[in-house]
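Here's the structure we're looking at; comments come further down.
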Amino acid sequence: MWRSTVIASAAALSIFSVGAITPAHDFTPYMGRPSAQRKHFQGDLLERAGHPERVSPLAAPSRSPREEGYFVGGGAREKSNGSQERQSGEGTWGTDYTGVILPKKTNLRWWHGQRYQGGVGSYRIDGPRIIHKP
7 MWRSTVIASA AALSIFSVGA ITPAHDFTPY MGRPSAQRKH FQGDLLERAG HPERVSPLAA
67 PSRSPREEGY FVGGGAREKS NGSQERQSGE GTWGTDYTGV ILPKKTNLRW WHGQRYQGGV
127 GSYRIDGPRI IHKP
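Counting in our numbering, the sequence shown runs from 7 upward without gaps.
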């Protein structure tokens with residue numbers, strides 16, 4: 007009985023009436039209109055986007071004595087047999103955390119074809135096929 011009372015009072019207040027809720031397509035200015043009648047944005051696009059070309063002063067990189075800068079991209083440890091120094095076109099400059107109490111050796115060297123690390127089939131992505139029985 008209370009349900010019918012709530013529904014009747016809501017209908018009387020027009021909370022659930024169709025006219026009170028505007029369809030979503032009315033908020034979109036280009037839907038259902040020919041291209042000549044569409045409303046295009048006529049302002050500063052960078053201002054509208056929040057000026058993404060500006061870098062915040064809070065986005066400055068941190069500098070600490072526990073970070074080491076080097077060319078990232080090698081795959082061989084420093085003391086690996088046969089590892090070599092990088093060539094001029096290899097690697098991307100980056101920094102890495104080296105640790106406080108136990109210093110970490112993060113700087114890697116290069117193999118230069120002695121070990122093949124990339125290409126098709128270098129990583130096995132498909133495991134054994136599992137059949138689920140209901």
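In this text, a Cβ means the ideal position worked out from N, Cα and C, and glycines have one as well. Note that the structure is a prediction, hence the values are computed from the model and not measured.
| query | Between residue 52 and residue 59, which are expected to be in contact by the criterion C-beta below 8 Å, what is the C-beta distance as a whole number of angstroms? | reply | That belief holds up - the Cβ atoms of residue 52 and residue 59 are roughly 6 Å apart, short of 8 Å.
| message | Need the endpoints of the alpha helix (DSSP H) that residue 53 sits in, please. | response | 51-54 is the extent of the alpha helix (DSSP H) around residue 53.
| said: Bridge partners for residue 75 per DSSP, in chain order? | reply: Residue 75 pairs with 101.
| Which term fits residue 80, buried or exposed, when burial requires 16 or more other beta carbons within 10 angstroms of its beta carbon? | The residue is buried, with at least 16 neighbouring Cβ atoms inside 10 Å.
| How would you call residue 139, buried or exposed, if buried means at least 16 neighbouring beta carbons within 10 angstroms? | So residue 139 counts as exposed.
| Whether residue 73 touches residue 112 by CB criterion (7 Å) | Not in contact: residue 73 and residue 112 (Cβ atoms no closer than 7 Å).
| said: To the nearest angstrom, how far is the alpha carbon of residue 117 from that of residue 106? | reply: Going from the Cα of residue 117 to the Cα of residue 106 covers about 29 Å.
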